[in-house]
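Residue numbering for the sequence shown follows this note's numbering, starting at 5 and increasing by one per position. Where is the CB? At the ideal position from N, CA and C, for every residue including glycine. The structure appears below as structure tokens.
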Amino acid sequence: MFIRKKQTKNKKTGNVYTKHELVESYHTADGPRQRTIMQLGRLDLPKKHWPVMAKELERRLAGNSNQEQLSFIPENKTKAILKLENTVQTLADKAMNNYHALKRHSTTDFPESQLQSQLPTNNNDNESAEMSDSAVESADGALFKMVDCNSLITTCSRSFGPELVGHHVWKQLRFTDVLNKCGFSSREVSLSEAVIVGRLVRPSSDLSTWKWIRENSAISELTRTPLIRIKKDAVYEISEEILRHKKTIEQHLLKREQKLFPDRQSLYLFDLTNFYMEGSCTKNSLAAFGKSKEKRNDLRLVSLALMVDSDGFPVTSRVYQGNIGEPATLKDIMEDMGYLNPNGQLEFASVKPILVMDRGIATTENIQLIKGYQFPYIVVERAPIHKEYASSFSEYQDKFEPIIRKGQKEVWIHKVTGSDDKTSRILCVSEGRKAKEKAIADRWVDRAANDLERFRSSILKGNIKAIDKVYQRLGRIKGRYKGFNKRFSEKIEIDTEGKKAVNLSWKIVEADPEEKETLFGCYVIETDQINLDAKKIWHLYMTLTRVEAAFQSLKTDIGTRPIFHQLAKRTEAHILVSILAYHLLITIEYQLSRHGDNRSWKTIRTILETHRRETIIFTDKDKIINHIRQSGQPEPSHVDIYRKLKIKDPLKRNHYIAGRRT
């Protein structure tokens, strides 16, 4: 093999472009011939060193990485020679990466007859006879070759199992159909799949996804169009293009999932969460300081309002500023669920799902909004309605019905009539929540008492005397504890001149009767489903854990946070890609659960990571370098998952000739 320089000229501009190729010479019956083995691009290497480069590439094509070493002969190498060797190694690494990327997308599975026609031949009859003996095809189609076992090696090992599952579910949800409808090109569809499946398989930033597509994954072999040498900006650009068609894609997925799994319950759960961001985000209009769900109040946040059904499948979503109030998001989400009629009025499907919401969103105004749209609902209202039933809660163990849950503390429930004949209320007492709320209440009172005692000690020691300073410090203590004035009575004693504080006296006040321990763990569920019994209503309300599980998956399994984008559109696109990846995740978990397999996607992904796709390299008796690209044999743990999801490997075994050893 040798390296050849090739120049092409642009007829319009007159510019001359130079590139280099790795070429092989061989003999045929019609005389010597040459064929290109590898495109090298523009090779920045002195011509006198091209033979060494050619030898190194030949060695790598044959897979003899541990048997031969690149050498420039002298044993005592100078710094210049060592530098040159490093340059050759670097150029060879780059060339082989591009070569393997191209070969991974070979779609032809060559039969032996075609393989023989591609082999370099020689006029020497003995050599031809030996060559024909080295490859023998049996009657049952098996192909036998005499192989140099020392040359056997594998390369270009790529993750395949998780990608195969993601690709299968991508086809199940017919993502390609909706993206084609949105006007995406074949390459854009393939890149969209790689980015969304990438978020599922390798949760991280968009930059990491780009590296994963190019260097770690076999996803590019599964997509419709090969994704060779994609630039990192392409990942950002395709995410923004997906964002432009957000509503169309979400509506398609909602209908498709309902068609795939028609037996699911018509129940929608709504909640709000936020993600923390890295960087200053000064140009990001969505980034704002707020109350972080993950206690990261030191960083700017972005909020996500998400509607899911009772099985965790997303219905619709909206991205807001990080300091948005939870109640303000409901109207937008409900409008996304409907459509405008010719008169410009908002209408919904004839069969409306039951809406379930927690107290953070269920304000009096929002409940009236739901009633105005005539949606059935189950909510815990934000107002402290439970205080109205203090007497009933004080006797809950005598009058309420217990719900026994394995491994958890009891919940006591009792159904009463609501504020009118069209609503019902379920009085609930959670033993687990009662213990937690009591511990929190006791803890803050004790902490506040300790702070007051330390403050009193400072005054007595004379460390703080000035009246204004004393009141400032007392104000800081009060601001630290919500409900301080209800539980504490304090008095600052001043000297006869009225200039200095000399003491602080304080005492703990008995809690308000309505806020005593009898109301710890108590809450009231309100619903218009008056025909349902108390247990059914309570169980429907508790499905809110599904939306919490969705948020948890988005943050951990999908790796949505932290968000590094400094622009609002990029931030929205990043979150949307995560939600679309979650569509894949919940579809996988739901189908497995129907087989009694309740493992999480994180567990499934870890198991499947050991199923890989690799290239096998070997040299046969005639010094012909063979490359075989194929998927590994699935292990029993892989087969179990594939069988439950009805997955088959769509990729064929590809066999191609890389050249001849000289």
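Buried or exposed for His631, please, with buried defined as at least 16 other CB atoms from any protein chain shown within 10 angstroms of its CB. buried
Since Gly170 and Leu204 should fall inside the 8 Å C-beta cutoff, what is the C-beta to C-beta distance between them, to a whole number of angstroms? 5 Å
Measure from the alpha carbon of Ala291 to the alpha carbon of each residue in Leu589, Leu147, His659 and Glu576, then state which is nearest. Glu576
Once the 5 residues before and after Ser296 are set aside, which same chain residues still bring their CB inside 7 Å of it? Asn278, Tyr280 and Leu305
Rounding to the nearest angstrom, what Cα-Cα distance links Lys236 and Trp214 in this structure? 6 Å
Beta strand (DSSP E) segments (min. 3 residues) lying fully within the stretch 514 to 586: Counting only runs of 3+ residues, the beta strand (DSSP E) found wholly inside the stretch 514 to 586 occupies 526 to 531, in chain order.
For Asp362 and Leu273, what's the separation of their Cα atoms in angstroms? 9 Å
Do the stretch 418 to 435 and the stretch 394 to 409 make contact, defined as three or more Cβ pairs closer than 8 Å? They touch, by the three-pair rule.
Cβ distance (whole Å) where Ile223 is taken to contact Glu167 below 8 Å: 5 Å
Sub-9 Å separation of Gly525 and Lys440 beta-carbons: A distance below 9 Å separates the beta carbons of Gly525 and Lys440.
Taking the alpha-carbon positions, what's the Lys469 to Tyr545 distance? 55 Å
For Phe431 and Lys503, I'd like the C-alpha separation in whole angstroms. Reading off the sequence, residue 431 comes out as Leu, not Phe. Each residue's alpha carbon lies about 55 Å from the other.
Contacting residues, own chain, Cβ-Cβ under 6 Å from Gly699 (five flanking each side not counted): Examination of residue 699 is not possible in this model, given that the chain is present from 5 through 666 alone.
Figure out for me which residue from Ala309, Gln93, Met42 and Arg37 has the closest Cα to the Cα of Met57. Gln93
State yes or no: is the C-beta of Leu49 within less than 9 Å of the C-beta of Thr91? Taking 9 Å as the cut-off, the beta carbon of Leu49 is found closer than this to the beta carbon of Thr91.
Proximity below 9 Å, CB of Arg665 to CB of Lys627: yes
Met341 - DSSP class collapsed to helix/strand/coil: Helix, per DSSP.
Please work out which residues of its chain come closer than 7 Å, Cβ to Cβ, to Thr623, disregarding the five sequence neighbours upstream and downstream, and give them in chain order. Only Ala66, Asp152, Ser155, Ile629 and Arg665 meet the Cβ criterion.
Which value, in whole angstroms, describes the spacing of the CA atoms of Gly283 and Tyr400? 51 Å
Kindly indicate which residue of Arg480, Ile85, Lys59 and Lys98 has the alpha-carbon position closest to the one of Leu44. Lys98
Got a sec? Which residues, its chain only, sit under 7 Å from Arg37 by beta carbon, not counting five neighbours each side? Contacts found: Tyr30.
Any chance the stretch 247 to 258 sits against the stretch 531 to 548, with 3 or more Cβ pairs inside 8 Å? no
For Ile611, which residues in the same chain have their Cβ closer than 6 Å to its Cβ, ignoring the five residues on either side in sequence? Ser641
Candidates Ile408, His578 and Ile232: closest to Leu247 by CA position: His578
What are the boundary residues of the alpha helix (DSSP H) that Arg37 is part of? Run containing Arg37: none in the alpha helix (DSSP H); it sits in the beta strand (DSSP E), Gly35 to Gly45.
Exposed unless 16 or more other CB atoms sit within 10 angstroms - verdict on His569: Buried, since its Cβ has 16 or more Cβ neighbours within 10 Å.
Which runs of the beta strand (DSSP E), 3 residues or longer, sit entirely within the stretch 267 to 320? 271 to 280 and 305 to 313
In whole angstroms, give me the CA-to-CA distance for Ala198 and Ile232. 12 Å
Cα separation between Leu584 and Ser196? 10 Å
If Asn663 and Glu28 are in contact, beta carbons under 8 Å, what's the gap, nearest whole angstrom? According to the sequence shown, residue 663 is Gly rather than Asn. The pair is a contact, with the Cβ atoms about 5 Å apart (cut-off 8 Å).
Rounded to whole angstroms, what is the Cα-Cα separation between Ser221 and Cys160? 10 Å
Expressed to the nearest angstrom, what Euclidean distance is found between the alpha-carbon atoms of Gly364 and Gly636? 50 Å
Rounded distance between the beta-carbons of Ile608 and Ser582, thought under 8 Å: Actually they do not touch by this definition, with Cβ atoms about 18 Å apart.
With Gln634 as the anchor, note down where its beta strand (DSSP E) starts and where it stops. Ile628 to Ser635
C-alpha gap between Ile408 and Thr286, whole angstroms: 51 Å
Using alpha carbons as the reference points, say which of Tyr240, Leu276, Lys87 and Ser194 lies closest to Glu2. Since the first residue of the chain shown is 5 and the last is 666, residue 2 is not available in this structure.
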